[in-house]
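**Q** In terms of the numbering used here, the sequence shown opens at residue 4 and continues consecutively.
Note that CB positions come from ideal geometry on N, CA and C, so glycine has one too.
No experiment lies behind these values; they were computed from the predicted model shown.
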Amino acid sequence: MKKTILTGLRPTGNLHLGHLFGAGQNYVKLQDDYEFYLEIADVQALTDNFNNPEKVRKNVKEITIDLLSIGLDPQKVNFFIQSKIPEIAELTVYYSNLVTVARLQRNPTVKTEIAQKKELFGNDGESITYGFLGYPVSQAADITAFNGELVPVGDDQLPLIEQCREIVRKFNSIYGQTLKEPQAFLSETKRVKGLDGNEKMGKSLGNAIFLNDSEDIIKEKVMGAITDPNKIKKDDPANPDICMVYYYHNLVNSKESVNTICKECKQGARGCVQCKKELIEAMNNFLKPIREKRKYYESHPEEVKEILDNGTKKAKQKAEEQMKKVKSAMKIDY
Ligand code: TRP
């Protein structure tokens with residue numbers, strides 16, 4: 004029997020290169036060999052976007068199209084919408100008893116997000132809701148509702164998987180062996196740097212290249228990317244290791260071209276403008292098949308809807324079975 008994979012994404016914006024080279028690569032690789040549930044986590048997205056339902060709704064569709072356009076096969080992957088599986092909400096309530104408030108406040112991912120919010124909104128944390136603090140519990144429900152064994156994620160999600168494992172152990176120790184302890188599955192490329200040289204590419208950091216960026220936007224972003232500040236003139240030798248243009252050449256250009264670029268840059272035989280132009284071309288070539296698939300799905304919205312409906316149906320069946328086991332273990336199977 005195939006092992007089960009579960010992962011989720013918050014529909015709050017389009018996917019970028021960080022997603023693609025991070026967990027996204029693994030999704031594509033793993034889809035052949037596992038029973039794969041891919042959750043569009045609208046309920047989780049609402050925990051800090053409850054006042055912006057339109058944004059979440061729009062991005063459910065956007066992110067589904069992004070995922071299809073990177074090569075996920077809807078015959079192999081069950082795409083589903085979190086809010087359409089009430090069992091997840093139900094499990095969240097039961098798991099809430101198994102987690103202390105102090106433990107949630109110590110969760111490093113939650114802590115970082117709270118710190119970011121404080122910085123952004125300048126408040127003292129008063130606006131942190133019960134729902135937001137508790138989203139790791141809901142994420143534990145996401146995973147265990149499907150008996151997820153492997154969870155392909157980026158390394159920022161490790162504390163959430165650990166929290167899920169703790170909940171599973173606690174549940175099993177109190178109610179008897181029922182749930183599986185999931186394992187995180189990390190990709191080899193841990194992080195993709197941002198256009199500004201930041202270690203992490205992120206939407207909120209304003210330094211991302213999105214999969215749905217147009218050719219014009221790619222041009223603008225690449226032309227503005229950080230290069231070696233010591234290179235003033237076109238024929239000054241430079242250090243490619245501190246240049247974001249060279250960094251992205253590595254991601255999207257051929258090995259051969261990358262070697263040439265590196266050599267020429269160090270020798271002062273290549274100007275930055277030329278190098279950026281070549282990157283724009285390589286980036287557009289790289290994004291071409293993704294753009295084509297996106298275009299197809301954008302013009303076939305009924306197909307996207309059907310993919311979500313079918314995946315959600317399968318997910319619902321699986322979660323219902325699991326819920327029965329949980330309720331029986333908890334002696335609430337009246
Ligand atoms: N927390 C993840 C994010 O921020 C999304 C997510 C929701 C998730 N449910 C999940 C990831 C279950 C892995 C497993 O993008």
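1. How long is the line joining the alpha carbons of Leu182 and Ala148, rounded to whole angstroms?
2. Using the Cβ count rule (16 or more neighbours within 10 Å means buried), how would you classify Thr171?
3. Is the Cβ-Cβ distance between Thr67 and Leu290 less than 8 Å?
4. Return the CA-CA distance between Ile177 and Thr103, expressed in angstroms with no decimal places.
5. In chain order, what residues of the same chain have a beta carbon less than 7 Å from the beta carbon of Leu23, not counting five sequence neighbours either side?
6. Can you tell me whether Pro292 is buried or exposed, with buried defined as 16 or more other CB within 10 angstroms of its CB?
7. Any heavy atom of the ligand TRP closer than 7 Å to the Cβ of Thr10?
8. Going by DSSP in three states, Thr230 sits in which element: helix, strand or coil?
9. Mind pulling the alpha helix (DSSP H) runs of 4 or more residues that sit fully within the region 263 to 328?
10. What's the gap between the Cα of Tyr98 and the Cα of Ser141?
11. Do Phe338 and Thr50 have their C-beta atoms closer together than 8 Å?
12. Compute the beta-carbon to beta-carbon distance between Leu12 and Tyr300, rounded to the nearest angstrom, for a pair I have assumed lies under 8 Å.
13. Determine the burial state of Gly21: buried for a count of at least 16 other Cβ atoms within 10 Å of its Cβ, exposed for fewer.
14. What residue ranges within the region 46 to 87 form continuous alpha helix (DSSP H) runs of no fewer than 4 residues, ordered along the chain?
15. Residue ranges of each beta strand (DSSP E) run of no fewer than 3 residues wholly in the region 184 to 228, ordered along the chain?
16. The ligand NAP and Gln325: does any heavy atom of the ligand fall closer than 7 Å to the residue's C-beta?
**A** In short, the structure shows the following:
1. The C-alpha of Ala148 is placed about 9 Å away from the C-alpha of Leu182.
2. Before going further, note that residue 171 is Val rather than Thr in the sequence given. Answer is buried; the Cβ neighbour count reaches 16.
3. Annotated as distal: Thr67 and Leu290, with beta-carbon spacing of 8 Å or more.
4. If I take the Cα positions, the gap works out to 16 Å.
5. Within the same chain, and ignoring the five residues on either side of Leu23 in sequence, the residues whose Cβ sits closer than 7 Å to its Cβ are Ile73, Leu214.
6. Exposed, since its Cβ has fewer than 16 Cβ neighbours within 10 Å.
7. True, at least one ligand heavy atom lies under 7 Å from that Cβ.
8. Of the three classes helix, strand and coil, the one that applies to Thr230 here is coil, per DSSP.
9. Runs of alpha helix (DSSP H) with 4 or more residues, each lying fully within the region 263 to 328, are found at 275 to 301, listed in chain order.
10. In this structure, the straight-line span from the alpha carbon of Tyr98 to that of Ser141 is close to 8 Å.
11. Nothing can be reported for residue 338: it is not among the residues displayed for the chain, which extend from 4 to 337.
12. No, Leu12 and Tyr300 are not in contact; Cβ-Cβ is about 16 Å, not under 8 Å.
13. Per the 10 Å Cβ criterion, buried.
14. The region 46 to 87 contains these whole alpha helix (DSSP H) runs: 56 to 72.
15. Counting only runs of 3 or more, we get 186 to 189.
16. This structure lacks the ligand NAP; its bound ligands are the ligand TRP.
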